[in-house]
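Protein chains in written order, with numbering that gives the first Met the number 0: chain A, 0 to 409; chain B, 0 to 244; chain C, 0 to 269; chain D, 0 to 216.
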Amino acid sequence: MSIKMSRFFSLVISFTVVFSYAFPISAAGEKVLIAPTGFEAFDTPSDDGKSVSLRWTASPSASIDTEYVVFMSENKDGPFVTEALRINSLTMYEDNTHSRSHYAEVDPEKILSKESGRKNNKKEKAKHFFKLVITSGSSAMATKQIVSAFPEGDWFNWKKLNNFVLMVSFVALLLFFLNHAKKSPNLFIRKISGLDAIDEALGRATEMGKPALFVHGLNGMGSISTIAAVNILGRIAYRIAEYDTTLKVSNIDPIVMSVSQEVVKESYLEAGRPDAYVEDNIFLAASEQFPYVAAVSGIMVREKPATNFFMGYFYAESLILAETGANTGAIQIAATDSYTQLPFFITTCDYTLIGEELYAASAYLSREPLLLGSLRAQDVGKGVLIAALVIGTMLVTCGVGFVKYLFMAG
Amino acid sequence: MIKKNRDIYIIFSIFILFFIVNIVYLSLGWLDLWGNGLGIITGAAFTLAMYSFLYKDNPVFKIAENLFVGVAMGYWIVITWFNILKPDVFETLIVPIFKDTGKAPQFTILFPTLLGIFMLLRFSKKLAWLSRWSFAFIVGLGAGITIPNFIHAFILKQLTFDSLFSTSIPVSINNFLVLLGVVSVLIYFFFSVEHKGVVGGVSVIGVWFLMIAFGASFGYTVMARMSLLIGRIQFLIRDWLGLLQ
Amino acid sequence: MIERLINIDRRFIFLLVAMAVTIPLLAKFNLPVRATKDVESIYYKIDSLPKNSHILIAFDYDPASKEELQPMADALLHHCYRKDIKVVGMTLNPGGTGLAVSAIESIGKEYGKTKGTDFVFLGYKTGVELVMINMGENIFSAFPEDFHGNATIDLPVLNGIDSLEDFDYVVDLASGSSIEAWIAFGKEKYGFDLGAGCTAVIGPDMYPFLQSKQLNGLMSGLRGAAEYEILIDRESTAVAGMSPQSVVHVLVVLFVLFGNTMYFMSKRKR
Amino acid sequence: MNFLKRTIPLAIAFIMGVMMAFQYYVPHEISQSLLKVVSRWGITIGGFAVFLGAYSLFHLHMTKIRRKLPGWGYSIFVFLGAGITIIFGLYNGGEFFWNDKQEGTMFEWMYFNVQVPAGATMFSILAFFMASAAYRTFKARTNEATILLIAAIIVMLGRVPIGTMISQYFPIVADWIMSVPNMAAKRGILIGVSIGAIATSLKIIFGIERAYLGGGD
Numbered sequence: 000m001s002i003k004m005s006r007f008f009s010l011v012i013s014f015t016v017v018f019s020y021a022f023p024i025s026a027a028g029e030k031v032l033i034a035p036t037g038f039e040a041f042d043t044p045s046d047d048g049k050s051v052s053l054r055w056t057a058s059p060s061a062s063i064d065t066e067y068v069v070f071m072s073e074n075k076d077g078p079f080v081t082e083a084l085r086i087n088s089l090t091m092y093e094d095n096t097h098s099r100s101h102y103a104e105v106d107p108e109k110i111l112s113k114e115s116g117r118k119n120n121k122k123e124k125a126k127h128f129f130k131l132v133i134t135s136g137s138s139a140m141a142t143k144q145i146v147s148a149f150p151e152g153d154w155f156n157w158k159k160l161n162n163f164v165l166m167v168s169f170v171a172l173l174l175f176f177l178n179h180a181k182k183s184p185n186l187f188i189r190k191i192s193g194l195d196a197i198d199e200a201l202g203r204a205t206e207m208g209k210p211a212l213f214v215h216g217l218n219g220m221g222s223i224s225t226i227a228a229v230n231i232l233g234r235i236a237y238r239i240a241e242y243d244t245t246l247k248v249s250n251i252d253p254i255v256m257s258v259s260q261e262v263v264k265e266s267y268l269e270a271g272r273p274d275a276y277v278e279d280n281i282f283l284a285a286s287e288q289f290p291y292v293a294a295v296s297g298i299m300v301r302e303k304p305a306t307n308f309f310m311g312y313f314y315a316e317s318l319i320l321a322e323t324g325a326n327t328g329a330i331q332i333a334a335t336d337s338y339t340q341l342p343f344f345i346t347t348c349d350y351t352l353i354g355e356e357l358y359a360a361s362a363y364l365s366r367e368p369l370l371l372g373s374l375r376a377q378d379v380g381k382g383v384l385i386a387a388l389v390i391g392t393m394l395v396t397c398g399v400g401f402v403k404y405l406f407m408a409g
Numbered sequence: 000m001i002k003k004n005r006d007i008y009i010i011f012s013i014f015i016l017f018f019i020v021n022i023v024y025l026s027l028g029w030l031d032l033w034g035n036g037l038g039i040i041t042g043a044a045f046t047l048a049m050y051s052f053l054y055k056d057n058p059v060f061k062i063a064e065n066l067f068v069g070v071a072m073g074y075w076i077v078i079t080w081f082n083i084l085k086p087d088v089f090e091t092l093i094v095p096i097f098k099d100t101g102k103a104p105q106f107t108i109l110f111p112t113l114l115g116i117f118m119l120l121r122f123s124k125k126l127a128w129l130s131r132w133s134f135a136f137i138v139g140l141g142a143g144i145t146i147p148n149f150i151h152a153f154i155l156k157q158l159t160f161d162s163l164f165s166t167s168i169p170v171s172i173n174n175f176l177v178l179l180g181v182v183s184v185l186i187y188f189f190f191s192v193e194h195k196g197v198v199g200g201v202s203v204i205g206v207w208f209l210m211i212a213f214g215a216s217f218g219y220t221v222m223a224r225m226s227l228l229i230g231r232i233q234f235l236i237r238d239w240l241g242l243l244q
Numbered sequence: 000m001i002e003r004l005i006n007i008d009r010r011f012i013f014l015l016v017a018m019a020v021t022i023p024l025l026a027k028f029n030l031p032v033r034a035t036k037d038v039e040s041i042y043y044k045i046d047s048l049p050k051n052s053h054i055l056i057a058f059d060y061d062p063a064s065k066e067e068l069q070p071m072a073d074a075l076l077h078h079c080y081r082k083d084i085k086v087v088g089m090t091l092n093p094g095g096t097g098l099a100v101s102a103i104e105s106i107g108k109e110y111g112k113t114k115g116t117d118f119v120f121l122g123y124k125t126g127v128e129l130v131m132i133n134m135g136e137n138i139f140s141a142f143p144e145d146f147h148g149n150a151t152i153d154l155p156v157l158n159g160i161d162s163l164e165d166f167d168y169v170v171d172l173a174s175g176s177s178i179e180a181w182i183a184f185g186k187e188k189y190g191f192d193l194g195a196g197c198t199a200v201i202g203p204d205m206y207p208f209l210q211s212k213q214l215n216g217l218m219s220g221l222r223g224a225a226e227y228e229i230l231i232d233r234e235s236t237a238v239a240g241m242s243p244q245s246v247v248h249v250l251v252v253l254f255v256l257f258g259n260t261m262y263f264m265s266k267r268k269r
Numbered sequence: 000m001n002f003l004k005r006t007i008p009l010a011i012a013f014i015m016g017v018m019m020a021f022q023y024y025v026p027h028e029i030s031q032s033l034l035k036v037v038s039r040w041g042i043t044i045g046g047f048a049v050f051l052g053a054y055s056l057f058h059l060h061m062t063k064i065r066r067k068l069p070g071w072g073y074s075i076f077v078f079l080g081a082g083i084t085i086i087f088g089l090y091n092g093g094e095f096f097w098n099d100k101q102e103g104t105m106f107e108w109m110y111f112n113v114q115v116p117a118g119a120t121m122f123s124i125l126a127f128f129m130a131s132a133a134y135r136t137f138k139a140r141t142n143e144a145t146i147l148l149i150a151a152i153i154v155m156l157g158r159v160p161i162g163t164m165i166s167q168y169f170p171i172v173a174d175w176i177m178s179v180p181n182m183a184a185k186r187g188i189l190i191g192v193s194i195g196a197i198a199t200s201l202k203i204i205f206g207i208e209r210a211y212l213g214g215g216d
């Protein structure tokens with residue numbers, strides 16, 4: 000029913016079109032419409048082969064109450080009854096042109112399938128013909144040319160060229176620095192202030208004769224934060240063995256626990272104190288979030304460790320853990336890339352490694368070439384973006400926009 | 000010992016109180032047991048059991064928590080069956096093989112199904128290596144689509160170049176502050192240069208920006224947790240006790 | 000004296016918080032809530048949609064965030080049904096299915112809407128960005144059946160919808176990082192208008208996307224829901240929650256100020 | 000054996016990664032259908048992941064019970080909760096699991112009256128701890144923490160109606176904090192984190208980052 004109705008209306012419209020084409024000046028004092036010029040249709044560049052682009056120069060009679068209508072047909076001679084596009088004549092100007100030309104993309108297959116009510120109809124691709132009309136109220140004026148286009152798929156999206164270049168250069172950068180770091184492992188990394196605090200805190204634990212507690216975050220070994228935390232744990236364990244204090248490590252994940260046991264054992268061995276290693280000090284505190292909180296808080300209250308380390312990825316439990324620790328008077332050092340929890344660590348801990356500082360600290364301590372190299376590549380990437388931002392803004396301020404277009408997302 | 004007795008006493012009396020309240024409500028017809036009354040009472044019981052953690056960690060809380068973990072896992076399994084495995088594997092591949100449903104079995108689904116089953120072999124000692132194929136597929140696929148989409152959405156789209164001499168002075172100042180903030184925070188997370196001199200100065204500004212942003216997150220997180228509490232108390236006094244309409 | 004005040008049993012503080020929430024709720028005083036620009040842009044976007052437009056609502060949260068996001072979902076649904084907009088629901092969180100389907104269907108019933116013609120809940124799929132991409136290519140491939148097992152291709156509510164780009168508006172209600180995924184793998188790839196509602200915890204992280212217009216609007220937390228309730232003129236739980244929210248915020252601010260005063264006083268003493 | 004265990008997975012990750020990264024730049028229909036098929040497969044594979052989660056949860060609690068670790072008795076309730084839910088879910092209101100999902104079953108009752116209230120309450124517990132931490136622990140120990148707390152207080156008051164009553168400037172300043180300094184810092188973080196994510200993805204593709212393969216040889 001509705002399809003028939005729309006057909007009917009299209010017919011009426013096309014009649015009006017033909018009619019007004021013959022008599023450009025319409026009756027009863029209605030506005031005289033001047034047909035737009037330079038109408039062209041072409042295959043949309045850099046697309047999947049579905050859409051056709053249309054472009055035309057604005058008509059001088061464009062106003063708030065006039066509309067452009069594009070009719071579509073599969074034959075050169077019409078009938079032009081299928082409406083492909085209907086827009087207000089003051090909209091859809093082509094970007095970056097001063098000629099005030101209009102630009103639109105239409106998907107002929109989709110328009111046809113919508114009209115026939117079919118879904119996903121597969122059809123041979125065909126050439127499509129278009130006719131542009133400007134209408135106002137009951138009067139209409141069509142362009143003389145009938146234009147056509149054949150939609151085709153393309154093999155490269157040129158709008159994404161800058162994206163592609165960025166990707167390729169970052170790949171090159173990363174591979175270069177990974178290689179470079181393997182050759183020269185002394186790649187510079189700035190000092191991370193929180194790391195000095197670790198020694199200080201462990202010294203205090205020794206003085207007080209109380210244990211240090213290392214609290215793992217909730218994520219498993221698959222997460223970068225946990226890997227970084229384990230790297231730092233190795234370093235802490237080495238120091239602990241030297242200072243001859245006790246280290247307790249609480250875990251929520253059994254795999255992280257066994258990895259931590261290995262790492263701590265190795266560090267003790269490296270420090271020449273394998274005898275001091277007690278496996279039970281690296282334990283599974285609980286398996287769920289809140290029981291974990293309860294168990295770790297219990298340890299803090301009972302044993303009053305001199306130092307607490309919170310390293311890895313934390314969720315809502317961070318607040319309760321850090322608060323309990325702070326109230327037992329411990330020195331607390333946190334390191335997490337969980338940005339939602341950082342505010343609570345910053346206000347309850349003495350030192351906090353923020354976000355990527357956690358990875359940097361792990362690279363700094365482990366001197367692992369893969370970590371160092373990737374960190375350096377990321378730094379260079381950041382440097383490029385910083386330079387682009389500063390220079391680009393300066394130029395835009397002076398009225399030059401080319402950096403802006405260089406980084407335009409297509 | 001005395002303290003332990005006191006805790007038991009408190010838990011026991013709360014139980015009695017909860018029981019009495021519900022009996023009164025049921026007998027006065029304020030709650031309809033076989034309508035949704037039983038559900039509301041169960042919900043209230045779980046809510047209160049969770050809050051008992053505030054007094055201290057106790058068996059009631061632990062039981063409720065473990066039950067919750069189990070129910071949530073069970074729900075996840077059943078929903079995955081009905082939403083993914085049944086429509087995507089069972090009905091498109093397995094059922095058509097044995098029964099004429101008017102649709103041919105889609106054998107292409109065999110491939111992801113096999114990879115899915117391989118994934119579960121992670122727990123077998125002998126065949127765990129097969130699970131690596133599935134993980135490699137998923138992780139490689141994720142990595143591949145991440146790179147260009149992230150460059151587009153989170154880097155190119157996020158680089159905005161706003162003129163520092165805008166139409167009005169406040170807008171210009173804000174544009175400048177945004178530029179300063181983005182650049183200084185990026186410099187703070189720059190590890191290849193010692194934070195001294197100009198770089199040091201800019202990175203200190205970066206810390207200020209970070210701290211204001213964390214302050215905003217802090218305020219919003221407080222707001223979030225309080226909203227959750229408000230919601231639960233609304234449930235208790237409106238749905239259970241009927242003190243609010 | 001100061002020592003005793005600082006070391007007060009924290010259960011006493013817990014009690015104060017419980018009172019600060021309960022008493023304003025029982026007293027039922029409502030404070031004026033004014034809608035902000037970010038919430039208004041979602042409202043005006045939906046309000047401007049013609050009859051029978053399609054909106055996709057992704058219920059990407061689970062019961063843990065229900066109290067913040069369910070009021071938002073309710074308000075949005077009321078608005079859509081009132082405007083005779085066709086609602087398509089889905090979730091990327093298995094725990095969200097029950098909450099989503101009950102909201103879509105019970106509110107739909109209030110407005111006399113029918114399942115399959117005016118609204119549909121597609122259910123849950125795993126794989127986040129893969130689901131978005133698959134929906135972007137073809138929605139019937141991602142969701143061959145709806146939540147109740149009906150073939151989606153036959154549903155009248157999906158007439159005119161092939162993929163994500165055909166939706167007139169998409170709103171993501173998120174408790175995790177799904178908004179970022181919807182931006183990178185949905186909106187930016189397939190080009191549709193995206194609005195978001197989220198828990199207040201992640202609200203501040205969304206501002207870069209608002210400024211870059213990758214999100215057209217944002218409701219964060221119960222406050223965002225309250226603003227939407229005001230806009231659609233249907234005050235409910237979220238607006239009622241604003242008075243206890245106010246009181247408890249003041250309480251927390253006082254605690255922080257008091258705690259820090261004590262801290263500096265004891266520091267000076269030393 | 001090493002070929003099957005190590006080379007093939009690394010090759011799969013490499014091929015998938017490179018193919019999908021390049022796919023993005025190719026708008027042709029063939030490339031679109033590749034994307035459609037592969038993402039479809041990914042969803043199906045992901046569906047099986049639920050059993051990984053289930054196994055690790057049940058295995059953990061089974062071990063607890065078997066070894067009689069402290070608090071093992073509570074682990075029984077995990078099985079009880081999961082067992083009841085799964086049975087009701089598969090029974091599906093008498094229609095059983097091979098038919099379409101029914102409405103208003105006991106399975107849904109369990110969800111709405113156990114999972115929803117317990118889950119929703121869980122994080123609201125933090126409201127109380129937040130307040131107690133505000134009272135006892137959130138100290139302006141350093142200049143940074145001071146800035147943080149001041150911003151937090153302004154935002155907290157600016158975002159509730161009562162803030163407007165105290166001073167009309169609270170919401171204005173809070174809005175400014177959110178949309179200028181907060182926005183700028185969050186954008187800096189976002190760009191940094193995205194570069195990190197891209198680097199990690201590349202390392203996975205080139206077989207440098209192998210944590211996803213799990214331990215062993």
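Idealized CB from N, CA, C, for every residue including glycine.
Annotated as proximal: T65(A) and T134(A), with beta-carbon spacing under 8 Å.
By the criterion of a C-beta distance shorter than 7 Å, F208(B) is surrounded in its chain by G180, S183, V184, once the five residues flanking it on both sides are discounted. Runs of the beta strand (DSSP E) lying entirely within the segment 300–331 of chain A, each at least 3 residues long, are 306–310 in chain order. Scanning chain D for C-beta atoms nearer than 7 Å to the C-beta of F122(B) yields Y54, reported in chain order.
With respect to V127(C), S177(C) sits close: the two C-beta atoms are nearer than 8 Å. Y24(B) carries a helical assignment under DSSP once its states are collapsed to helix, strand and coil. One alpha carbon belongs to V246(C), the other to L27(B), and they sit about 34 Å apart. At a cut-off of 8 Å, the C-beta of H147(C) has a neighbouring C-beta in chain D. Taking CB atoms only, E187(C) has a neighbour in chain B less than 8 Å away. Look at the beta carbons and you see the segment 320–334 of chain A not touching the segment 268–281 of chain A: under three pairs across the two are nearer than 8 Å.
Secondary-structure assignment with DSSP links I54(C) through a beta bridge to V86(C), Y168(C). Here the alpha carbons of M89(C) and Y123(C) stand approximately 6 Å from one another. When Cβ-Cβ separations below 8 Å define contact, P147(B) makes contact with chain A. A distance of 8 Å or more separates the beta carbons of F257(C) and S131(D). In the DSSP annotation of this structure, the continuous segment of the alpha helix (DSSP H) that includes S55(D) starts and ends at 28–65. 8 Å or more divides the Cβ of R224(B) from the Cβ of E66(C). With a contact defined as Cβ atoms closer than 8 Å, K130(A) and F41(A) miss out at about 16 Å. Taking a contact to require three or more Cβ pairs closer than 8 Å, the segment 348–368 of chain A and the segment 164–172 of chain A do not qualify as touching.
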